[in-house]
Ligand code: FES
């Protein structure tokens, strides 16, 4: 079982669009998953630059980019990453 | 002493009487023109609360104007006494004051009226202060005595002035029936300075007020204020914000940060990424402070603070405007930035002028694209409100 890396963008655009709420993610992960997940902050990941990735705030779960990220969407992506592993 | 080799740092701290939302002590300080002349006034209005505050504010404002206009300080004191409104209950118009007029070359003139005498902490034990007494007539309170003194500050010297709320703190307690007293407060200050010879005016004034409040078991029975004027070797800070318009300048930007003699702060994710790439130093974002409006700070080896750009800088400007004490505020990237600003004397902004494509999104607040205006506002606040020397350089 490998670790899952979650990068929460804390750049200006993402923060204005609600990234601050996402920072409570580590406290909201179910216990079974929490130990496998590494949550990091990131400077602007450049996804906000040209619209091709969708809208901010962005979170990256391993290699998957999640636009308009919410806690729910991120948890779901983590679950999927855990299953496909 | 060579001009510009030393800097007049002014710091003050204040606590109002327990239960009073407004302090009747007023502290005002202003630096006029380029010559670095600095006027510092501590006024204490009769009583406490709003009425005292109005009296003290009037006094301090008048004193500042007169001194800045080069009106003889004695004449200024006379006008102030004649102009103050009379308190209806007590039938007197009254506010104590201490006016400290410091020139860039270290020469000082002080006028004192009924505040506890100022303390001079001079390196050279021969620096003596000769006080000249003079009397003026006040309509409501009769003859009043003022003291005038003139002397020369040497590098590393300090002037400390307190309101009587400080020297009389603790009054009535068994251990200090007369309160803390001028001499015990003076001893406290000189002990503190001998333990920490580089202590800033800001930290010293805070320590004095906190100590006074402890004497009163944290419920000060009067307004307590302390102001310090400190002639020190200037502390410099570099704030790098925004990517250079020409990527060829990225190296130069990184090297300026690397070689800077003083504190370094990077405000802006892209700017931080550039410097991290050029200097091959990693950035780690610290998620332990959480704030709705200000993105978390990060760290990079050799750099004192790394923050996001626009949101943090505008929050910082707000804090400067409101005169927030970073030590008393919730820690976040903006209060950390504020602390670096206030701890420094000379602050240089290195502003990259490349437009951030992300901010062109019309859905985002217009605020985001005004980096330059924001920095100008910060520089103005640092200089006028906080008596710093600040400069902007565009790259
Ligand atoms: S600010 Fe988050 S991707 Fe740019």
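Chains as they are written, first to last, in my numbering: chain A, 1 to 85; chain B, 86 to 480.
All C-beta atoms in this analysis are idealised placements derived from N, C-alpha and C, irrespective of residue type, glycine included.
- Using beta-carbon distances, residue 23 of chain A counts as an interface residue toward chain B, with a partner under 7 Å.
- Collapsing the DSSP output to three states places residue 365 of chain B in coil.
- If you compare the alpha carbons of B:315, B:307, B:292, B:216 with that of residue 244 of chain B, the shortest gap goes to B:315.
- If you check the CB distance, residue 101 of chain B and residue 112 of chain B do not come in under 7 Å.
- When DSSP states are grouped into helix, strand and coil, residue 168 of chain B belongs to the helix group.
- Taking 8 Å as the upper bound for CB-CB distance, residue 312 of chain B and residue 246 of chain B are in contact here, some 5 Å apart.
- Closest in C-alpha terms to residue 381 of chain B, from the list A:3, A:66, A:15, comes A:15.
- Under the Cβ distance rule, residue 266 of chain B does not count among the residues neighbouring chain A, no pair being separated by less than 7 Å.
- Apart from the 5 residues on each side of it in sequence, residue 434 of chain B sits with its Cβ closer than 6 Å to the Cβ of 324, 460, 477 in its chain, given in chain order.
- For residue 395 of chain B, the closest alpha carbon among the candidates B:362, B:356, B:371 is that of B:356.
- According to the DSSP assignment, residue 343 of chain B belongs to the alpha helix (DSSP H) that extends over 335–344.
- Contact annotation: residue 205 of chain B and residue 278 of chain B have beta-carbon atoms that are not nearer than 7 Å.
- Within the chosen limit of 6 Å, the ligand FES reaches the beta carbon of residue 58 of chain A through at least one heavy atom.
- Taking C-alpha positions only, residue 191 of chain B is separated from residue 237 of chain B by approximately 6 Å.
- Linking residue 364 of chain B to residue 269 of chain B through their CA atoms gives a straight-line distance of about 52 Å.
- In this structure residue 108 of chain B does not touch residue 128 of chain B by the C-beta definition: roughly 11 Å separates them, more than the 8 Å allowed.
- For the segment 399–429 of chain B, the set of positions with a beta-carbon nearer than 7 Å to some beta-carbon of chain A is empty.
- For residue 357 of chain B, the chain A residues whose C-beta falls within less than 9 Å of its own C-beta are 43, listed in chain order.
- Going by DSSP, residue 4 of chain A is part of the beta strand (DSSP E) stretching over 4–9.
- Per DSSP, the unbroken alpha helix (DSSP H) holding residue 428 of chain B starts and ends at 418–428.
- The alpha-carbon separation between residue 375 of chain B and residue 391 of chain B amounts to approximately 15 Å.
- Just so you know, the alpha carbons of residue 285 of chain B and residue 19 of chain A end up roughly 38 Å apart.
- Any Cβ of chain A closer than 7 Å to the Cβ of residue 221 of chain B would place that residue at the interface, and such an atom is absent.
- At a cut-off of 6 Å, the beta-carbon of residue 247 of chain B does not count as near the ligand FES: no heavy atom of the ligand is closer than that.
- Around the beta carbon of residue 12 of chain A, 16 or more other beta carbons lie within 10 angstroms, which makes this residue buried.
- Of the candidates B:266, B:239, B:186, B:124, B:239 places its Cα closest to the Cα of residue 212 of chain B.
- According to DSSP, residue 193 of chain B shares a beta bridge with B:187, B:236.
- Residue pairing by DSSP puts residue 317 of chain B in a beta bridge opposite B:92.
- Residue nearest to residue 470 of chain B within the set B:436, B:407, B:421, B:432 is B:407 (criterion: CA-CA distance).
- Taking the beta carbon of residue 32 of chain A as reference, no residue of chain B falls within 9 Å; the closest one sits roughly 22 Å away.
- By alpha-carbon distance to residue 40 of chain A, the top candidate from A:4, A:83, A:73, A:17 is A:4.
- Residue 218 of chain B is bridged by DSSP to B:232.
- DSSP places residue 478 of chain B in the uninterrupted beta strand (DSSP E) bounded by 474–479.
- Per DSSP, the unbroken beta strand (DSSP E) holding residue 205 of chain B starts and ends at 204–206.
- Contact between residue 71 of chain A and residue 33 of chain A is absent: CB atoms are separated by about 13 Å, not below the 8 Å threshold.
- Annotation for residue 11 of chain A indicates a beta carbon within 6 Å of some heavy atom of the ligand FES.
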